[in-house]
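Residue numbers (our numbering), protein chains in the order written: chain C, 1 to 112; chain A, 1 to 113.
By construction, the Cβ of each residue, glycine as well, lies at the ideal position given by its N, Cα and C atoms.
As the structure is a computational prediction, the values presented were derived from the model and not from experiment.
Have a look at the structure below, then the notes.
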Amino acid sequence: ETGVTQSPTHLIKTRGQQVTLRCSSQSGHNTVSWYQQALGQGPQFIFQYYREEENGRGNFPPRFSGLQFPNYSSELNVNALELDDSALYLCASNLAGAYGYTFGSGTRLTVV
Amino acid sequence: KQEVTQIPAALSVPEGENLVLNCSFTDSAIYNLQWFRQDPGKGLTSLLLIQSSQREQTSGRLNASLDKSSGRSTLYIAASQPGDSATYLCAEQGVRSQGNLIFGKGTKLSVKP
Chain C
1 ETGVTQSPTH
11 LIKTRGQQVT
21 LRCSSQSGHN
31 TVSWYQQALG
41 QGPQFIFQYY
51 REEENGRGNF
61 PPRFSGLQFP
71 NYSSELNVNA
81 LELDDSALYL
91 CASNLAGAYG
101 YTFGSGTRLT
111 VV
Chain A
1 KQEVTQIPAA
11 LSVPEGENLV
21 LNCSFTDSAI
31 YNLQWFRQDP
41 GKGLTSLLLI
51 QSSQREQTSG
61 RLNASLDKSS
71 GRSTLYIAAS
81 QPGDSATYLC
91 AEQGVRSQGN
101 LIFGKGTKLS
111 VKP
């Protein structure tokens, strides 16, 4: 059984650019969620995807968008990057209706 | 606004001590509470999940309890070891969060040899 894998592990972008982060969910899981964790803070919920549609969203602006593919993998896209977008981005998967989430190792995004 | 609060924010203990980490939450209708471990710059490793119908869960030297009526959970670590040094996060999943996780800021634990 493979866990949740994220790529890339680290990324440096310039303010105003766009970025795409990728996530492969754990085998058997059909729901993917994305979280943003700023330094010294707990993760904050960005959004969740189920059956390729957004199924819930936290307090993040529309320039944060996502996709889920038929194989349940997912992308997080952020447009018009701001310095405050610098954070660890975590992907989590679970099976809809079941308890508990499995997290990936995260992508560290630095915006300069 | 739903909140999850963890106390203390940081804790330093000598090796071998038993310790308790605290987590409080405001959602009165939770599905479950989950404890995670996070090493510096890394992702989250799930330690224990307590469903709303349960009062505690145990795994090795770890024991987590849940008291929904008071909105509290504790993580007990027995015979701490330097390898336990990490940040411990609790997260609740409930009706008001629409099933998504609400995290505390974590407790940074340092176990000295």
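Per-residue contacts from residue i into chain C (C-beta, under 9 Å)
| i | result |
| --- | --- |
| S53 of chain A | By Cβ distance, chain C contributes nothing, its closest Cβ being about 11 Å from S53 of chain A, past 9 Å. |
| F103 of chain A | Y35, Q37, Q41, G42, P43, Q44, F45 |
| L89 of chain A | G42, P43 |
Whole-number beta carbon distance between residue j and residue i, since they are thought to touch under 8 Å
| i | j | result |
| --- | --- | --- |
| N94 of chain C | T102 of chain C | 7 Å |
| A96 of chain C | Y50 of chain C | 6 Å |
| K13 of chain C | V4 of chain C | Not really, about 23 Å apart at Cβ, beyond 8 Å. |
| F69 of chain C | G58 of chain C | Actually they do not touch by this definition, with Cβ atoms about 22 Å apart. |
Short CB-CB distance (under 8 Å) between residue i and chain A
| i | result |
| --- | --- |
| Q48 of chain C | yes |
| L90 of chain C | yes |
| R22 of chain C | no |
Proximal chain A residues relative to residue i, where beta-carbon distance stays under 8 Å
| i | result |
| --- | --- |
| T102 of chain C | S46 |
| S105 of chain C | K42, G43 |
Contacts that residue i makes with chain C (C-beta to C-beta distance below 7 Å)
| i | result |
| --- | --- |
| G106 of chain A | G42 |
| Q98 of chain A | G56 |
Contacts that residue i makes with chain C (C-beta to C-beta distance below 8 Å)
| i | result |
| --- | --- |
| N32 of chain A | Y99, G100 |
Beta-carbon neighbours of residue i, restricted to chain A and to distances below 9 Å
| i | result |
| --- | --- |
| R51 of chain C | The contacting residues do not exist; R51 of chain C stays about 15 Å from chain A at best. |
| R115 of chain C | What the structure shows of chain C is the stretch from 1 to 112, and residue 115 of chain C is not part of that stretch, so it cannot be assessed. |
> Touching or not, the segment 63-79 of chain C and the segment 18-27 of chain A, by the rule of three or more beta carbon pairs under 8 Å?
Replying inline: no
> Should the segment 14-25 of chain C be called in touch with the segment 73-86 of chain A, which here means at least 3 C-beta pairs below 8 Å?
Replying inline: no
> Is the number of C-beta pairs between the segment 26-44 of chain A and the segment 86-94 of chain A that are closer than 8 Å three or more?
Replying inline: yes
> Does the segment 62-69 of chain A come close enough to the segment 43-53 of chain A to have 3 or more Cβ pairs within less than 8 Å?
Replying inline: yes
> Fully enclosed by the segment 31-60 of chain C, which beta strand (DSSP E) runs are 3 residues long or longer?
Replying inline: 31-37, 44-50, 53-57
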